[in-house]
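Report on the following structure.
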Amino acid sequence: MLEDDGRVRKLGSHGVRWRGRDYLGAWMAGQAGRHVRIRHMSHHGHEIGVCDLAGRHLGSAHLADAATPEQLDELRRTRTVRARRLREEAKKAEALRRRRFAPATTHTRADPVFQAASDMLSAFYPSGTHEDAVPNPAGSGQTTRWCPAEWCNSDLRIAPGQGADRGGRTQTLLTVFQQ
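Mapping of the sequence shown onto our numbering: residues 1 to 179, in sequence order.
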């Protein structure tokens, strides 16, 4: 019959410590920091059972000082496999990061503020002008127009109460490049 130690212990890089001695198992590789409980048989200090806090058996642990060469080899193999897997995952993450945050090496043409908004305005006002159109004081072929707020992206909307009220609808100022 296994007896519960009654204390919550934490796995470390050298296994779990109980009664002043370290116990380890191959399954513990990469589990450092996990909280566990110890179950043991009276008068059998060479092997203990390790359970999670819910009482599920995680695996056995053997006294580190008295571990057999096979147990130590299994632990080394497990650690090597885990280290290899972590290196591969780190390489993949680095490749993804390089692709995701790659610098833009070529410049792109500056589009009108939003091509869709420009097309809608052109369709709505085919002549390119409207009674609300105001020439841009800076010149450069731009015209400032009032457009319905639902046509504009939320980034272009001005604060509530600052838009012009045209026929009962709040409208937003939009600058469109004329080509």
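C-beta atoms are modelled at their ideal positions from N, C-alpha and C, and glycine is treated no differently.
Report yes or no: do the segment 69-89 and the segment 31-39 share at least 3 C-beta pairs separated by less than 8 Å? no
Measure the alpha-carbon distance for residue 87 versus residue 80 and round it to whole angstroms. 11 Å
For residue 57, which residues in the same chain have their Cβ closer than 7 Å to its Cβ, ignoring the five residues on either side in sequence? 49 and 51
I'd like to confirm the pairing. Which residues does DSSP put opposite residue 40 in its beta bridges? 3
Indicate the three-state DSSP secondary structure (helix, strand or coil) for residue 177 in the structure shown. Low local confidence applies: a pLDDT of 44 at residue 177 is under 50, so the model's placement there is unreliable, and no value is given.
Reducing DSSP to helix, strand and coil, say where residue 65 ends up. helix
Enumerate in chain order the residues of its own chain whose CB-to-CB distance from residue 119 is below 6 Å, with the five nearest sequence positions on each side excluded. none
Please classify residue 15 as buried or exposed, where buried requires at least 16 other C-beta atoms within 10 Å of its C-beta. buried
So residue 27 is in the beta strand (DSSP E); what residue range does that whole segment cover? No beta strand (DSSP E) holds residue 27; DSSP gives it neither H nor E.
For the beta strand (DSSP E) that contains residue 49, what are its first and last residues? 47-51
Please classify residue 62 as buried or exposed, where buried requires at least 16 neighbouring CB atoms within 10 angstroms. buried
Roughly how many angstroms separate the alpha carbons of residue 33 and residue 98, rounded to a whole number? 32 Å
What does DSSP give as the partner residues of residue 20 in its beta bridges? Answer by DSSP bridge pairing: none, since residue 20 is not bridged.
Per the DSSP calculation, residue 212 is bridged to which residue(s)? Examination of residue 212 is not possible in this model, given that the chain is present from 1 through 179 alone.
In or out: residue 11 buried (at least 16 other Cβ within 10 Å) or exposed? buried
Proximity to residue 195 [Cα-Cα], best of 20, 27, 8 and 21: Residue 195 is absent from the model: the chain starts at 1 and stops at 179.
Would you list the one or two residues that DSSP bridges to residue 57? 51
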